[in-house]
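There are 2 protein chains.
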Amino acid sequence: MTILDNLVRRAWDRELGVSSLTPIRSLEERVAAWNELARRPLQFQACDATDYPALLEAFRSTRPDAIVHFGQQRSAPFSMMNRDAAVATLVNNTIGNMNVLWAMREAAPDAHLVKLGTMGEYGTPNIEIEEGFIRIEHKGRSDRLPFPKQPGSFYHLTKTSDSDHIYFACRAWGLRATDLNQGVVYGLSTDETVACERLVNRLDYDGVFGTVLNRFCIEAALGVPLTVYGLGGQSRTFINIRDTARCIALAVESPAEPGEFRVFNQFTEIFSVLELARRVHYVAARRGLEPRIEHLPNPRVEREAHYYSSTNEHLLSLGLEPRLLDDGVLDDLMSAAVRFRDRIDPAQIAPAISWAAPFETAAGRAAVGAVPA
Amino acid sequence: MTILDNLVRRAWDRELGVSSLTPIRSLEERVAAWNELARRPLQFQACDATDYPALLEAFRSTRPDAIVHFGQQRSAPFSMMNRDAAVATLVNNTIGNMNVLWAMREAAPDAHLVKLGTMGEYGTPNIEIEEGFIRIEHKGRSDRLPFPKQPGSFYHLTKTSDSDHIYFACRAWGLRATDLNQGVVYGLSTDETVACERLVNRLDYDGVFGTVLNRFCIEAALGVPLTVYGLGGQSRTFINIRDTARCIALAVESPAEPGEFRVFNQFTEIFSVLELARRVHYVAARRGLEPRIEHLPNPRVEREAHYYSSTNEHLLSLGLEPRLLDDGVLDDLMSAAVRFRDRIDPAQIAPAISWAAPFETAAGRAAVGAVPA
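Going down the list, the sequences are from chains A and B. The opening position of the first sequence corresponds to residue 67 in this note's numbering, with each subsequent residue numbered one higher. The opening position of the second sequence corresponds to residue 67 in this note's numbering, with each subsequent residue numbered one higher.
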């Protein structure tokens, strides 16, 4: 197993002045720790997916059976910061993904691509979300077609574009691929990080890279309000970090057929943001904490009350046994927040980036709804 | 009116060793000719849409009411040549389009964007193609969602991605836009080119930029076989070059509402490739020509026999009066071919680029079907 990584995320952290709550080690240290612990050794090669000759050479030299492509800018707020960040996201994600496809065609045409997508690609349609494709009956005819997508940020747009590119490469070149449309990941610990502290995962709580459930736990532990964006009626899919790791293994162990483009909706549960805040409040209260739930003006442009339902049958049928959200995982997050309390910069928690400001036409304000001042 | 152009297409022509059948003038000469003829003068500014500061400055200085964005790499075969050409297409089209959106947000938020898309974004679904959106009934619920797309080349993928980006910018920022999903354009002359020869349009017949109906006419005039890719059962939408110009005007004259993303299917007729070959054969025969119809191995990966139906109501309801394909326009094309016969390089006609070769796994061959040797 070989990790290819350009380490750009750590550079972005420095640029933005944010950092993981947990003191993650350098990739070299983490790989060394893994190799002391695990049966299958890991190698690390510095490689940027936008550098085609380097990527091609890496595929040639490693001769992969499976390529797990997670090397992307993964923050929606980051992509909405300004034009440069939107284009950086596009270049890193879309050109990187296109390079993976061309390098597979040239050097690894029989490998199985496992690509990280996001449930956010679908948006919030008023019908049940299927796994990548939907049978549509229309004017007396019928076809199985790609599920219509309504991505909600420039980041999400790169993910839908990647999916379209990979689907095309499967049709045109006979590549095989699995697109993992992942929900919001929560949790910190896995068996490996419990066994070896040097493997500790990153835990983001800032307004750019932080995700909602982790942020609530950290806010609770800090004794600051749980910050709900807007009404909190936004329903989203969620998955425990332990299940995320298991899903990747399941996809790799049962590869797609040549020419097949599979889409797995990789989540286990659906919650509204406000429900999550209440769950965290409940667990925090047992620790003697009484966080307020505070509604901030929503920095995103999104529906705050809507129908939401999605299937996730594929991974369950491959044997995924969901580890549902329980009080233990919330408590684990709060413990980490307490333990690393001196690493926290409370100023980083607030949403830093608005989808709409400083857009100032009447039309913009009408479209956007509640825009922060 | 201001034209912004980076003139990259002419550079690509030189690089690929191809050229227009007609001797198109430099853009400066064409603008000068237009300004002698027309009521509304044109200006030209050299500007690359991928150069954000230049684009932003152009929007600031011209203060446009409408932005007609046609500045894209428009050849599917070009985008399939190799990795570099695919990425060049992505960078030119997708980053250019993203820059247009950010520059509108910053400097022209109330302008109306009229963007050139393509009917090829939809692929060939087994249901009727609607204009951008479709009402889907699914498991007892209903929503109006983006029409599912199945683009068939890296070029087409940039167009679907552009559509998704523009739709997002309308939702998030309240921009207004019309996406013109254009069919294959045929024909050479418009009233303006008839009135002034210096305004003559380009006429591509090569394997990279040439389009099917124009190519057939040129082949007929040359006395070489009409080259049908594969079976020729591929149905596509078509539009006369005169109607294309009229559609842009109609879209500009009736702008979208703030926040609205409209999609117009910009075509007037549907033909199969083989039908077109037969139409051209018929007109050619009246000129005493007897071109053979020759089936080449299809360089593209596409269905060669399929259902195809699409609506085009929006432009008709705005007043488009279709100029249907008639023998006159075919004859006009053949006359041009005869007139500029000494400019033709017959070697350029053959398809230069295969979607699949030199992909050589069994899966690839199975997926691809008839691949040229």
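Note that CB positions come from ideal geometry on N, CA and C, so glycine has one too.
- For A:Gly162, the uninterrupted alpha helix (DSSP H) segment begins and ends at Gly162 to Ala173.
- Separation of B:Ser208 and A:Thr377 (C-alpha to C-alpha, rounded to the nearest whole angstrom) is 17 Å.
- Proximity of chain A to B:Thr226 at the Cβ level (cut-off 7 Å) is accounted for by Asp230, in chain order.
- When Cβ-Cβ separations below 8 Å define contact, A:Lys181 makes no contact with chain B.
- Here the alpha carbon of B:Glu94 sits roughly 33 Å from the alpha carbon of B:Arg149.
- In this structure, DSSP gives A:Leu390 a state outside helix and strand, which the three-state scheme calls coil.
- Residues of the segment 358-374 of chain B that bring their beta carbon within less than 8 Å of a beta carbon in chain A comprise Val367 and Tyr373, in sequence order.
- In summary, A:Phe136 is exposed, with fewer than 16 beta-carbon neighbours lying within 10 Å of its beta-carbon over all protein chains present.
- Contact between the segment 190-201 of chain B and the segment 115-124 of chain B is absent: fewer than 3 CB-CB pairs across the two stretches fall below 8 Å.
- By DSSP's assignment, A:His204 forms a beta bridge with A:Arg207.
- Secondary structure note for A:Asn280: it is in no beta strand (DSSP E), and the uninterrupted alpha helix (DSSP H) holding it is Val278 to Leu288.
- Within the segment 227-257 of chain A, contact with chain B at the beta-carbon level (separation under 7 Å) is assigned to Ser227, Asp230, His231, Phe234, Arg237, Ala238, Trp239 and Gly240.
- In this structure the segment 220-232 of chain A touches the segment 216-226 of chain B; the number of beta carbon pairs closer than 8 Å is three or more.
- Judged by DSSP in its simplified three-state form, B:Lys215 adopts coil rather than helix or strand.
- Note: A:Glu360 is bridge-paired with A:Thr293 in the DSSP secondary-structure output.
- Annotation for A:Asn148: no alpha helix (DSSP H) segment contains it, and DSSP assigns it neither H nor E.
- Exclusion of the five residues before and after A:Ser85 leaves Asp79 as the residues of its chain whose Cβ lies within less than 6 Å of its Cβ.
- Distance from the Cα of A:Asp408 is smallest, within the candidate group A:Pro291, A:Ser383 and A:Ala287, for A:Ala287.
- When rounded, the separation of the alpha-carbon atoms in B:Pro324 and B:Gly240 is 6 Å.
- Excluding its 5 nearest sequence neighbours in each direction, A:Arg201 has C-beta neighbours in its own chain below 7 Å: Ser208 and Arg210, listed in chain order.
- Taking the CA atoms as reference points, B:Leu156 sits about 31 Å from A:Phe333.
- Inter-residue distance for A:Ser383 and B:Asp309 is about 53 Å (C-alpha atoms, whole angstroms).
- Secondary-structure assignment with DSSP links A:Asp71 through a beta bridge to A:Ala112.
- For the C-beta of B:Met147, not a single chain A residue is nearer than 7 Å; the gap to the nearest is close to 11 Å.
- Look at the segment 109-139 of chain A: the residues with a C-beta under 7 Å from a C-beta of chain B are Tyr118.
- When the Cα atoms are used, A:Asp398 and A:Ile314 turn out to be separated by approximately 23 Å.
- Shown here, B:Asp309 sits in a helix according to DSSP, grouped into three states.
- At a cut-off of 8 Å between beta-carbon atoms, B:Val166 makes no contact with chain A.
- Three or more Cβ pairs closer than 8 Å define a contact, and the segment 287-301 of chain A meets that threshold against the segment 332-346 of chain A.
- Sequence-distant Cβ neighbours of A:Ile307 in its own chain, meaning closer than 8 Å and more than five residues away, are Val251, Tyr252, Gly253, Leu254, Ser255, Thr256 and Asn267.
- As DSSP reads the structure, B:Ala132 sits in a beta bridge with B:His178.
- The alpha carbon of B:Val404 has as its nearest neighbour, out of B:Cys283, B:Glu326, B:Glu356 and B:Asp393, the alpha carbon of B:Cys283.
- Closest in C-alpha terms to B:Gln216, from the list A:Gln216, A:Arg237 and A:Ser219, comes A:Arg237.
- Using a Cβ-Cβ cut-off of 8 Å, B:Glu194 is close to His204, Lys205 and Arg207 of chain A, given in chain order.
- Not a single C-beta of chain B is nearer than 8 Å to the C-beta of A:Ile284.
- Cβ atoms of B:His380 and B:Phe330 come within 8 Å of each other, at about 4 Å.
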